[in-house]
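**Student:** Once you've had a glance at the structure underneath, I'll fire off some questions.
Chains as they are written, first to last, in the working numbering: chain A, 28 to 367; chain B, 28 to 447.
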C-alpha cells in the first residue's frame with residue numbers, strides 16, 4: 028500500500044469514527060441521556076451477546092446484497108438507484124413462488140431464490156430499455172420504478188397474494204420445512220448471511236480479477252474511451268445493470284426465506300437505499316461495502332436496544348448512517364483535492 | 028490558457044466568454060454578452076463562431092480559440108499560454124502573436140509554451156529550452172538561431188530513433204489488383220453540424236498512407252470518426268472487404284481489422300484511472316477465467332519499451348503520463364498487432380519534436396508491414412513530414428491528391444479556401 032493510500036484509509040477511518048461518535052453523543056444528549064450509557068447500550072444491542080450478534084447478522088443479510096449490487100452497477104457507470112424496487116420484486120417472486128414449490132426443501136429454496144434473482148433482474152429492464160433507446164437517465168427511471176414496486180407490494184398483499192386464512196393483509200407463510208432455520212438456538216441468524224458474504228466475495232473477484240471485470244471498470248471510468256477502443260459498451264452496461272438487479276432480487280428472496288417467511292406491506296423499507304449508502308461508504312468496492320452494510324445493520328440492531336434501555340429514541344440512530352456517509356465523502360473529496 | 032480547454036460545455040459561447048471576462052458586470056443582458064463575442068473576434072482576429080452555440084457542440088479548434096479570446100479579454104498583466112497555436116490557421120496565429128505583442132508592449136508578462144520553433148523566433152524576446160524537466164538553455168532569441176535550438180532539442184531528447192524515415196510506399200503500386208484495405212464509396216458522415224461534407228470516394232491499398240489536412244471544423248475529424256464507427260454515415264465503408272453498418276459501430280470497425288487513434292487521448296484514447304498495463308490489455312485481456320496479471324505486465328513492459336513510452340512502471344496510472352507518452356501508449360495498444368486499417372486523428376498534436384517524430388515513425392512502420400493508414404492533421408509541416416500523398420479538406424470538400432512536396436504556402440491557401 029502506498030503512503031498516499033495509507034493516509035487516505037486512515038483519514039477515512041478517522042472520519043467514520045469521529046462522525047459516528049459525535050452523532051451518537053449529540054443525539055443521546057438531545058434525548059436527555061448520558062452519551063456513554065447510550066453508546067454502551069447500543070454496542071451491547073449490536074454485539075453484546077449471541078442473540079444480539081445474530082440479530083445484527085440477520086439484518087445485515089439483505090443489506091450486504093443490495094450494497095454489493097450497488098457496487099456492481101456503480102463501477103460500470105450505471106446509477107442504479109432502483110435497488111429498493113428490485114429488492115421488492117425479488118421478495119414478491121419469492122412469496123408468490125414459495126407455496127407453489129414442491130419437492131425437497133433444498134430444491135424449493137434454490138427455485139425460490141432463482142425466481143427472486145430473476146425478478147430483480149427483470150425489474151431493471153424498463154429502465155435499461157428507456158436509457159438505451161430513449162436516453163432517459165436511469166437515475167430517474169429507477170427511482171420511479173421503486174414507487175411502482177412499493178405500490179405493487181401494497182396491492183398484491185391485499186389482492187392476489189393475500190393469505191385467505193389470515194386477518195392481516197399479508198401473503199401466505201412459507202412452509203416451515205422450506206424456511207431457513209437459525210444457525211444457533213436463541214439467535215435469528217441463518218445460513219443466508221453466508222450466501223450474502225459469498226456473493227460479496229464473488230463480485231469482488233469478478234471486478235478485480237477477471238477480463239470481464241476489467242472491461243466493466245473501463246466502461247464505468249471512461250465511457251467515451253471504452254466506446255472508441257471498441258469494447259461492447261452497451262452490453263457491458265446492461266449486464267452490470269441486470270446483475271445488480273439480480274443481487275437486489277436475491278436479497279428480497281433471502282429476506283422472505285430467512286427472516287420474514289412471508290410478504291407484507293411495507294416490506295423492509297429502506298433496504299435498497301441503505302445498501303446504496305453502504306456502497307458509497309465503501310467507495311463502490313464490494314468488500315468494504317459489505318463491511319459498511321454490516322456496520323449499518325449493527326447500528327439498526329443496537330438502536331433498538333438503546334431505545335429499550337436508555338429511552339433514546341431508536342429512530343435517532345438512523346441519523347448515524349447518513350452522517351457517516353457525508354463525513355466519508357467529505358474526507359475523500361478533501362484528500363482528492365490535496366492530491367490533485 | 029491551458030492546453031486543454033476548461034470551458035463549460037453546456038453553456039453558450041457568449042456565456043463562456045462572459046464567465047472568463049473579469050470585467051463583466053454582475054448583471055449583463057444576453058444581447059450584451061452576444062456583443063462581446065463579436066467584439067473579441069474582431070479585436071483578436073479569431074473565428075469564434077455562433078455566439079449562441081453550445082460549446083460542447085463545437086470542434087476542439089473553435090473551443091481553443093474561445094479560450095484564447097477569454098484569456099486575452101481582461102487585459103491581463105501576466106498571461107501564460109500552453110500550446111495555444113496547435114489548432115490555429117497561419118493567419119490566426121499571426122493575429123494572436125500581434126495581440127500578444129501588444130500586451131507585452133503595454134507592460135504585461137507573456138509566457139508562451141510551445142513546441143514550434145518558428146513561433147518562438149517570430150514572437151518571443153527570450154526563450155528557455157526545456158528537455159525532460161531540465162532547463163537546457165536560456166537566452167534572448169536574437170542571440171541564437173532556430174537551427175541551434177532545434178539541434179539542442181533533438182540531442183537532448185532520448186529515444187528519437189535516428190530521424191524520420193522518408194516513406195517510400197512499397198505497396199503503393201499494389202493499388203490495382205488486390206482488394207483495398209479501406210474503401211469509401213459515396214461516403215459522407217451523417218452528423219448535424221455547420222459543415223455538410225460532400226460525398227467521398229477513395230480507397231487505400233495495404234501499406235498506403237493518406238494524410239487529410241484541414242483546419243479544425245472543416246469536417247476531416249468527422250470523416251475519420253465516422254470510418255471508425257463513432258458517427259453515423261451515409262454511403263459505404265469497407266474495411267478489409269467487410270462493409271461497416273452506417274449506424275456507426277466501433278465494434279464492427281475493430282472486428283474488420285481497424286485501429287483508431289482519437290484526437291482526444293485523455294477522453295477517448297486511454298482510461299486515465301486504470302494502469303498502463305490494464306489499458307494495453309483492454310482490447311484483449313489475457314486469461315480465461317481470471318486475468319493473467321503476470322502476462323499483462325510482461326506484455327505491457329515489452330510494448331511500452333518498444334514504443335518508447337517513458338513510465339515508472341506498468342502499474343502507473345495512465346493519467347499520470349505526459350501527453351507525448353500517453354499518445355505513444357495509445358499507439359502501443361493500437362499497433363500491437365499491425366492492423367489492416369489505422370485511422371489516426373491529430374496523432375502528434377501538442378507533442379514535443381522527439382515524441383512527434385517517434386509517433387510518425389511508428390505509423391510509417393505499421394504501413395511498411397501492410398497497414399493502410401489515414402491520418403488527419405491540421406499542421407501543413409506535419410503533413411509533409413509523413414512524405415505521403417495528402418488531400419486538403421475545406422468545408423467538407425476534399426481536394427485531389429497532392430504531392431507531399433507541395434509548398435506549405437499553397438497548402439495554407441487551400442486550407443483557408445483561398446484556392447482550388
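The beta-carbon is built from N, C-alpha and C at its ideal position, and this holds for glycine as well.
#1: Quick check on DSSP: helix, strand or coil for residue 272 (chain A)?
#2: Name the chain A residues that come within less than 7 Å of residue 281 (chain B), Cβ to Cβ?
#3: Closer than 9 Å, Cβ to Cβ, to anything on chain A: give me those residues from the segment 299-317 of chain B, in chain order.
#4: With a Cβ-Cβ cutoff of 8 Å, do residue 272 (chain A) and residue 143 (chain A) count as a contact?
#5: Per DSSP, residue 413 (chain B) is paired with what?
#6: Closer than 8 Å by C-beta to residue 258 (chain A): which residues in its own chain qualify, once you throw out the five before and the five after it? Chain order, please.
#7: Do you know offhand how far residue 448 (chain B)'s Cα is from residue 232 (chain A)'s?
#8: What's the C-alpha gap between residue 187 (chain B) and residue 239 (chain B)?
#9: Taking Cβ-Cβ distances shorter than 7 Å, what residues in chain A pair up with residue 287 (chain B)?
#10: Cβ closer than 9 Å: which chain A residues qualify as neighbours of residue 296 (chain B)?
#11: So, is residue 476 (chain B) buried or exposed, given that buried needs 16 or more other C-beta atoms within 10 angstroms?
#12: Check the Cβ of residue 102 (chain A) against every Cβ in chain B and list those closer than 9 Å, keeping chain order.
#13: If we cut at 8 Å on Cβ distances, does residue 237 (chain A) have a partner in chain B?
#14: Does any residue of chain A have a CB that is nearer than 8 Å to the CB of residue 277 (chain B)?
#15: Near residue 261 (chain A), which residues of its chain fall below 7 Å by C-beta distance, leaving aside the five closest residues on each side in sequence?
#16: Considering only the alpha carbon of each residue, which of A:335, A:340, A:316 and A:325 lies closest to residue 101 (chain A)?
#17: Out of B:373, B:76 and B:88, which has the shortest C-alpha to C-alpha gap to residue 287 (chain B)?
#18: May I ask you to report which of helix, strand or coil DSSP gives residue 28 (chain B)?
#19: Might you give, ordered along the chain, the residues of its own chain that have their beta carbon closer than 7 Å to the beta carbon of residue 365 (chain B), omitting 5 neighbours on each side?
#20: Would you check if the distance between the CB atom of residue 350 (chain A) and the CB atom of residue 307 (chain A) is smaller than 8 Å?
#21: Is residue 378 (chain B) close to chain A? Criterion is C-beta to C-beta, closer than 8 Å.
#22: Does the beta-carbon distance from residue 290 (chain A) to residue 184 (chain A) come in below 8 Å?
#23: Between residue 209 (chain B) and chain A, is there a C-beta pair that is closer than 8 Å?
#24: Ordered along the chain, which non-local residues of its own chain (more than five positions away) have a Cβ less than 8 Å from that of residue 60 (chain A)?
#25: Which term fits residue 79 (chain B), buried or exposed, when burial requires 16 or more other beta carbons within 10 angstroms of its beta carbon?
#26: Is the beta carbon of residue 324 (chain A) closer than 8 Å to that of residue 83 (chain A)?
#27: Quick check on residue 425 (chain B): does DSSP put it in helix, strand or coil?
#28: Since residue 443 (chain B) and residue 243 (chain B) should fall inside the 8 Å C-beta cutoff, what is the C-beta to C-beta distance between them, to a whole number of angstroms?
#29: For residue 174 (chain B) and residue 148 (chain B), what's the separation of their Cα atoms in angstroms?
#30: How would you list, in chain order, the residues of chain D whose beta-carbon sits under 9 Å from the beta-carbon of residue 401 (chain B)?
#31: Where does the unbroken alpha helix (DSSP H) through residue 244 (chain A) begin, and where does it stop?
#32: Any chance the segment 289-300 of chain B sits against the segment 409-427 of chain B, with 3 or more Cβ pairs inside 8 Å?
#33: Spell out a yes or no on whether the segment 117-130 of chain B and the segment 153-162 of chain B are touching, meaning 3 or more CB-CB pairs, one atom from each, closer than 8 Å.
#34: May I ask you to report which of helix, strand or coil DSSP gives residue 107 (chain B)?
#35: Threshold first: 4 residues or longer. Then list the alpha helix (DSSP H) segments lying entirely within the segment 243-292 of chain B, N to C.
#36: If you pair each beta-carbon of the segment 52-70 of chain A with each one of the segment 187-199 of chain A, do three or more pairs fall below 8 Å?
**Tutor:** Inspection of the coordinates gives the following:
#1: Against the first chain, residue 272 (chain A) aligns to sequence position 245. Note: residue 272 (chain A) maps to helix in three-state DSSP.
#2: One-based indexing of the second chain puts residue 281 (chain B) at position 254. Residues of chain A passing the Cβ test: 257.
#3: Along the segment 299-317 of chain B, the positions whose C-beta sits under 9 Å from a C-beta of chain A are 299, 300, 301, 305, 306, 308, 309, 310, 311, 312, 313, 314, 315, 316 and 317, read in chain order.
#4: As a first step, residue 272 (chain A) is located in the first chain; it is residue number 245 there, counting from the start. As a first step, residue 143 (chain A) is located in the first chain; it is residue number 116 there, counting from the start. Going by C-beta atoms, residue 272 (chain A) is not nearer than 8 Å to residue 143 (chain A).
#5: Here residue 413 (chain B) is taken as the residue at index 386 of the second chain, counted from 1. BP columns for residue 413 (chain B) are empty, so no partner.
#6: Locating residue 258 (chain A) in the first chain gives position 231, counting from the first residue. Cβ within range, chain order: 242, 245 and 246.
#7: Nothing can be reported for residue 448 (chain B): it is not among the residues displayed for chain B, which extend from 28 to 447.
#8: As a working note, residue 187 (chain B) is residue 160 in the second chain. As a working note, residue 239 (chain B) is residue 212 in the second chain. Its pLDDT being 37, under 50, residue 187 (chain B) is placed unreliably in this model, and the value from its coordinates should be taken loosely. Between residue 187 (chain B) and residue 239 (chain B), the alpha-carbon positions lie close to 25 Å from each other.
#9: Position 260 of the second chain, counted from the start, is the residue given in the question as residue 287 (chain B). Those within 7 Å of residue 287 (chain B) in chain A are 255.
#10: Counting from 1 along the second chain, the entry for residue 296 (chain B) is found at position 269. Those are 252, 255 and 256, listed as they occur along chain A.
#11: Since the first residue shown for chain B is 28 and the last is 447, residue 476 (chain B) is missing from the structure and cannot be characterised.
#12: Within the first chain, the letter at position 75 stands for residue 102 (chain A). Here the premise fails: no neighbours, minimum Cβ distance about 11 Å.
#13: Locating residue 237 (chain A) in the first chain gives position 210, where the first residue counts as 1. Interface residue, yes.
#14: Your numbering for residue 277 (chain B) matches position 250 in the second chain. With 8 Å as the cut-off, residue 277 (chain B) counts as an interface residue toward chain A.
#15: Your numbering for residue 261 (chain A) matches position 234 in the first chain. Correct list, in chain order: 159.
#16: The residue you call residue 101 (chain A) lines up with position 74 of the first chain. Shortest Cα-Cα distance from residue 101 (chain A) to any of A:335, A:340, A:316 and A:325 involves A:316.
#17: By one-based count along the second chain, residue 287 (chain B) stands at place 260. Measuring from the Cα of residue 287 (chain B), the nearest candidate turns out to be B:373.
#18: Mapped onto the second chain, residue 28 (chain B) falls at position 1. It is coil, neither helix nor strand.
#19: Reading the second chain from its first residue, position 338 is the one you call residue 365 (chain B). Within the same chain, residue 365 (chain B) has close Cβ partners 393, 396, 397 and 398.
#20: If you number the first chain from 1, residue 350 (chain A) lands on position 323. If you number the first chain from 1, residue 307 (chain A) lands on position 280. The criterion of a C-beta distance shorter than 8 Å is not satisfied by residue 350 (chain A) and residue 307 (chain A).
#21: As a position in the second chain, residue 378 (chain B) is number 351, starting the count at 1. So no, residue 378 (chain B) is outside the interface.
#22: Counting from one through the first chain, the residue named residue 290 (chain A) turns up at place 263. Counting from one through the first chain, the residue named residue 184 (chain A) turns up at place 157. Result yes, Cβ atoms of residue 290 (chain A) and residue 184 (chain A) sit closer than 8 Å.
#23: Within the second chain, the letter at position 182 stands for residue 209 (chain B). With 8 Å as the cut-off, residue 209 (chain B) does not count as an interface residue toward chain A.
#24: Along the first chain, read from residue 1 onward, the residue named residue 60 (chain A) stands at position 33. Same-chain partners within the cutoff: 337, 338 and 339.
#25: Locating residue 79 (chain B) in the second chain gives position 52, counting from the first residue. By the neighbour-count rule (16 or more Cβ atoms within 10 Å), residue 79 (chain B) is not buried but exposed.
#26: Along the first chain, read from residue 1 onward, the residue named residue 83 (chain A) stands at position 56. Along the first chain, read from residue 1 onward, the residue named residue 324 (chain A) stands at position 297. Yes, these two residues count as a Cβ contact at 8 Å.
#27: In the second chain, the residue the question calls residue 425 (chain B) occupies position 398. Three-state DSSP puts residue 425 (chain B) in a strand.
#28: One-based indexing of the second chain puts residue 443 (chain B) at position 416. One-based indexing of the second chain puts residue 243 (chain B) at position 216. Residue 443 (chain B) to residue 243 (chain B), Cβ: 13 Å. No contact.
#29: Taking the second chain and counting its residues from 1, one reaches residue 174 (chain B) at position 147. Taking the second chain and counting its residues from 1, one reaches residue 148 (chain B) at position 121. Roughly 11 Å between the two C-alpha positions.
#30: The question asks about chain D, but that chain is absent: this structure's protein chains are A and B.
#31: Within the first chain, the letter at position 217 stands for residue 244 (chain A). Where residue 244 (chain A) is concerned, the enclosing alpha helix (DSSP H) stretches over 238-248.
#32: no
#33: no
#34: On the second chain, position 80 is the one that residue 107 (chain B) refers to. It is a strand residue.
#35: As summarised for the segment 243-292 of chain B, the continuous alpha helix (DSSP H) elements at least 4 residues long and confined to that stretch are 247-254 and 277-282, given in chain order.
#36: no
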